[in-house]
Amino acid sequence: MLEHLGLLDIGIILVYFGIILWIAKWAAGSKSESGASVDYFLAGKSQGWLVVGASLFASNIGSEIILGVSGAGARGNMPMANFEILAALVLILLGWVFVPFYLRTGVYTMPEFLEKRYSKACRNYLSIVSILAYVITKISLIIFAGALVFETIGIPFWTGAIITVIATGFYTVLGGLKAVIYTDMVQAFILLLGTLAVTFFGLYQLGGWNEMVDTLTVAAQESGNPSVDSFFNLWRPMSDTEYPWTGMLFGAPILGVWYWCTDQYIVQRTLSAKDVSNARKGALFAGYLKLLPVFIFFIPGVIAYALMQKGVISFSMDNADQALPTMITTFLPVGIKGLAIAGLLAALMSSLSSAFNSSSTLLTIDFYQQMRPNATEKDLVRFGQLATVVLVIVSLGWIPFMKALMGGGIFHYLQSVQAYISPPIAAVFLFGLFYKWINARGAIVALWSGFIIGLIRLVTEFMSNEGSLAVADGSFLSFFLGINFLHFALFLFILCAAILMVVSKFSEAPADKDLSLVTFQERDGTARWQWSTDAVLTVVLIGLVLTLWLIFSPWGIA
30 MLEHLGLLDI
40 GIILVYFGII
50 LWIAKWAAGS
60 KSESGASVDY
70 FLAGKSQGWL
80 VVGASLFASN
90 IGSEIILGVS
100 GAGARGNMPM
110 ANFEILAALV
120 LILLGWVFVP
130 FYLRTGVYTM
140 PEFLEKRYSK
150 ACRNYLSIVS
160 ILAYVITKIS
170 LIIFAGALVF
180 ETIGIPFWTG
190 AIITVIATGF
200 YTVLGGLKAV
210 IYTDMVQAFI
220 LLLGTLAVTF
230 FGLYQLGGWN
240 EMVDTLTVAA
250 QESGNPSVDS
260 FFNLWRPMSD
270 TEYPWTGMLF
280 GAPILGVWYW
290 CTDQYIVQRT
300 LSAKDVSNAR
310 KGALFAGYLK
320 LLPVFIFFIP
330 GVIAYALMQK
340 GVISFSMDNA
350 DQALPTMITT
360 FLPVGIKGLA
370 IAGLLAALMS
380 SLSSAFNSSS
390 TLLTIDFYQQ
400 MRPNATEKDL
410 VRFGQLATVV
420 LVIVSLGWIP
430 FMKALMGGGI
440 FHYLQSVQAY
450 ISPPIAAVFL
460 FGLFYKWINA
470 RGAIVALWSG
480 FIIGLIRLVT
490 EFMSNEGSLA
500 VADGSFLSFF
510 LGINFLHFAL
520 FLFILCAAIL
530 MVVSKFSEAP
540 ADKDLSLVTF
550 QERDGTARWQ
560 WSTDAVLTVV
570 LIGLVLTLWL
580 IFSPWGIA
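Counting from 30, one number per residue, gives the positions in the sequence shown under our numbering.
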């Protein structure tokens, strides 16, 4: 079963599991003075920037992202890595624009914030959409990718999936968010250590960076192989059907605002911070960490492709996502192999525990507490634990359907739901902070309008690709489906913003007294910009992003 692993590798993996479970036990036993539900759902609101930032990074980086980005590296599809770099800029927005409002209002969930800014209807919309998205897509994809990781080391798919769900569910139920974010912190560094080891060893064995580029140059001369610049160029023409530069610069950030600034799955980590300064520094720290995937996920994929060209390893370019697992299991030496697998498991478990915890928080605060407003602190925690157990059971029950779904096109389109529902949510959150006159009626009309348009795109795209819907060339439907998904996100965002503003203008504005904590307030003329540690960190981070954009462009090494 574990024919590719040595005793040292197995020992490293077992030590990893032992450390994670010990940390979870410790976190579950340590209580703050804030109260039971605050401890369980927001880790006592006492966390520092290091824990917050590492947890943000670890929650985001699942094994599906590592496999996907490294697979993009093997295919010479570098624009995909731009999503990771852009996240650094969006995290600046989270720390400076959104976090102060979230902590000031003392909310537990993002739907709760929408109710404070708009209405109960907006809260219900976001709660239901978020829960369905987590259970149907996020949790399922994380488990499936995790099972594939186990499969690469010789453990059967079903066994790996069950181990993943039960082990992660155990410590999530045991310690709530505190257990999740402290294990996230350790898992983040194990993940970084494992992937850095793969990168450096791979380059060393290949003969260095120049040898890798020479190998790519020779391979590019063969028909059908990607060109050298495709491995090192983040930017493609506006006419590109996958990742046009216009979509990357203007469409991708909209998806980023929804994911990093308004999604419970991510934002819950910043809600656990002891104050705004620590939450902001945590977001900035995560922004710095998000610059690393280019080097520790994407480049290893390029290295794997070069190794394949040299005949050292073998994998199918039709399934390039297996590039990194193949390199780990058949190429890395004993010890580094165990460390790399522990890194993949850390990515998997941190993402899954975050999905379990954020889902249980939404179910508890946005549903159970609303139905039972007099519930005690212990009642809330018990229900949160029960909700996590139910999610674990549902996930286990979903496993038999996953392979069938992944074998066809439907799972891809279920994932696309997130891209198509995000623009209206991003518009409602973002514009609601800046403009007091935007009201609840405008918000709910914009949310539902965006949802319906996104759903129409999703369904018609699926039917067209499956052959059940004929699309005539030159028709409006052909034009509609031909819009790049990033351009579509931008257009949908603009449309939803317009609906939000127009409907709000033609209906009664909310009272100013209800908006003091949830919108920007006018300052007197004496307020001036002051340099601080956070400001310096922000400027440096922006500079690093611009530097990477320049290096990996036609004006750099591409």
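Glycine residues also receive a C-beta, built at the ideal position from the N, C-alpha and C atoms. Bear in mind that the values here come from a model prediction, so they are computed numbers and not experimental data.
Who are the Cβ neighbours of residue i in its own chain at under 7 Å, not counting the five residues just before and after it?
i	result
Trp427	Ser169
Thr291	Met139, Ile454, Ala455 and Phe458
Trp78	Asn307, Lys310, Gly311 and Phe314
Ile586	Phe261 and Ile580
Leu220	Ala87, Ile90, Gly372, Ala375 and Ala376
Please identify the residue among the options whose C-alpha is closest to the C-alpha of residue i.
i	options	result
Ser493	Gly511, Ser478, Trp477 and Gly479	Gly511
Phe112	Val286, Phe480 and Lys542	Val286
Gly572	Leu118, Ala101 and Val44	Leu118
Ile394	Asn106, Leu132, Glu141 and Val305	Glu141
Cys525	Ala116, Leu361, Asp543 and Leu476	Leu476
Leu381	Pro329, Lys366 and Ile90	Ile90
Ser451	Ile482, Val421, Ile467 and Trp466	Ile482
Tyr288	Asp541, Ala83 and Leu122	Leu122
Lys407	Ala65, Trp238, Ala56 and Asp38	Ala65
Trp125	Leu575, Thr567 and Trp584	Thr567
Val242	Leu336, Leu544, Phe344 and Tyr211	Leu336
In whole angstroms, what is the alpha-carbon distance linking residue i and residue j?
i	j	result
Tyr334	Ser301	41 Å
Ala162	Ile114	24 Å
Ser387	Gly58	20 Å
Thr244	Gly231	14 Å
Leu506	Ala564	47 Å
Gly40	Gly364	9 Å
Val423	Ile160	13 Å
Leu43	Tyr200	16 Å
Gln550	Lys167	36 Å
Val500	Ala384	38 Å
Val136	Asp350	39 Å
Leu515	Gly236	38 Å
Leu203	Ala53	7 Å
Phe522	Gly503	25 Å
Ile342	Asn348	14 Å
Gly479	Ala375	36 Å
Phe279	Pro362	43 Å
Gln76	Lys303	5 Å
Lys145	Ser268	42 Å
Ile328	Ser99	7 Å
Tyr45	Tyr233	26 Å
Gly47	Val421	21 Å
Met346	Gly340	14 Å
Lys534	Arg470	10 Å
Glu251	Gly330	19 Å
Leu425	Phe173	11 Å
Trp238	Thr197	38 Å
Thr181	Pro282	34 Å
Leu320	Thr134	31 Å
Tyr131	Thr548	11 Å
Pro354	Leu177	9 Å
Met30	Met277	Any reading at Met30 must be qualified, since the residue scores a pLDDT of 43, below 50, and its modelled position is unreliable; the value itself is stated next. Between Met30 and Met277, the C-alpha separation is close to 43 Å.
Ile295	Phe179	26 Å
Leaving out five residues on either side along the sequence, give the residues of the same chain with a beta carbon under 6 Å from the beta carbon of residue i.
i	result
Glu8	Examination of residue 8 is not possible in this model, given that the chain is present from 30 through 587 alone.
Phe127	Cys290
Gly175	Ser92, Thr193 and Leu377
Ala87	Asp213, Gln216, Ala217 and Ser379
Gly105	Pro255, Ser259 and Phe260
Val257	Leu245, Thr246 and Ala249
His441	Note that His441 scores 49 on pLDDT, short of 50, meaning its location in the model is unreliable and no value can be drawn from it.
Gly461	Arg146 and Ile467
Taking 8 Å as the limit between beta carbons, can you name the residues of its chain near residue i, skipping five residues before and five after?
i	result
Val247	Gln338
Thr390	Phe70, Tyr137, Thr138, Leu206, Gln293, Gln297 and Gly413
Val474	Ile528, Leu529 and Val532
Leu37	Val363, Gly364 and Gly367
Would you say residue i faces chain D, with C-beta separation under 8 Å as the test?
i	result
Gln414	This model lacks chain D altogether; it includes just one protein chain.
Worksheet entry | Stretch pair the stretch 214-232 + the stretch 401-413: three plus CB contacts closer than 8 Å | no
Fill in: Segments of 4+ residues assigned as alpha helix (DSSP H) that fall wholly inside the stretch 76-129
78-89, 92-104 and 111-122
Fill in: Three or more C-beta pairs below 8 Å linking the stretch 65-73 and the stretch 147-163
no
Worksheet item: Does the stretch 180-193 touch the stretch 102-111, meaning 3 or more C-beta pairs lie closer than 8 Å?
Response: no
Discussion item. Please give me, in chain order, every unbroken run of the alpha helix (DSSP H) with length at least 4 that falls completely inside the stretch 450-535.
Written reply: 469-495, 505-511 and 514-534
Fill in: Contained alpha helix (DSSP H) runs [length at least 4] in the stretch 361-436, N- to C-terminal order
365-392 and 406-436
Discussion item. I'd like the ranges of any alpha helix (DSSP H) spanning at least 4 consecutive residues and lying wholly in the stretch 302-351.
Written reply: 305-318 and 328-338
Practice prompt. Please list the segments of the alpha helix (DSSP H) lying wholly inside the stretch 192-250, counting only runs of 4 or more residues, in order along the chain.
Written response: 238-249
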